[in-house]
Amino acid sequence: MTDLVTWLRTQLDGDHEPGTVAAAHRAILEMHRDDGLGWCTSCGDMTLDDHDRAPVETPCDTLRALASAYAGRPGYNPGWAL
Ligand SMILES: [Zn+2]
1375 MTDLVTWLRT
1385 QLDGDHEPGT
1395 VAAAHRAILE
1405 MHRDDGLGWC
1415 TSCGDMTLDD
1425 HDRAPVETPC
1435 DTLRALASAY
1445 AGRPGYNPGW
1455 AL
């Protein structure tokens, strides 16, 4: 099964979106990468000391929300919905 990030990159590379929209969505993808351990590099609740973050699994809600913009396209997995 295709993972959300791979599928979303394919949608953005498909030239269906205006260039500025695709560029903004690629930037969001870049900010919300997998850190290699399955956690989002951007998301996480701040703790009281403001240095530690509670890890958030990928794909995070930000990427799920982004993918929902393309939910009508083939290959979208309903399991990615928020
Ligand atoms: Zn994230």
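Numbering (our numbering), first residue to last: 1375 to 1456.
Idealized CB from N, CA, C, for every residue including glycine.
The model shown is predicted, which means the values in this text are computed figures rather than measured ones.
{"Query": "Take Arg1400 and list the residues in its own chain whose beta-carbon comes closer than 7 Å to its own, dropping the five residues that flank it on each side.", "Result": "Leu1386"}
{"Query": "Thr1384: buried (16+ other C-beta within 10 angstroms of its C-beta) or exposed?", "Result": "exposed"}
{"Query": "Keeping to the same chain, check which residues put their C-beta closer than 7 Å to that of Arg1447; ignore five residues upstream and five downstream.", "Result": "Gln1385"}
{"Query": "Taking the straight line between their C-alpha atoms, what separation do you get for Ile1402 and Ala1441?", "Result": "11 Å"}
{"Query": "Thinking C-beta only, is Arg1438 closer than 8 Å to Trp1454?", "Result": "yes"}
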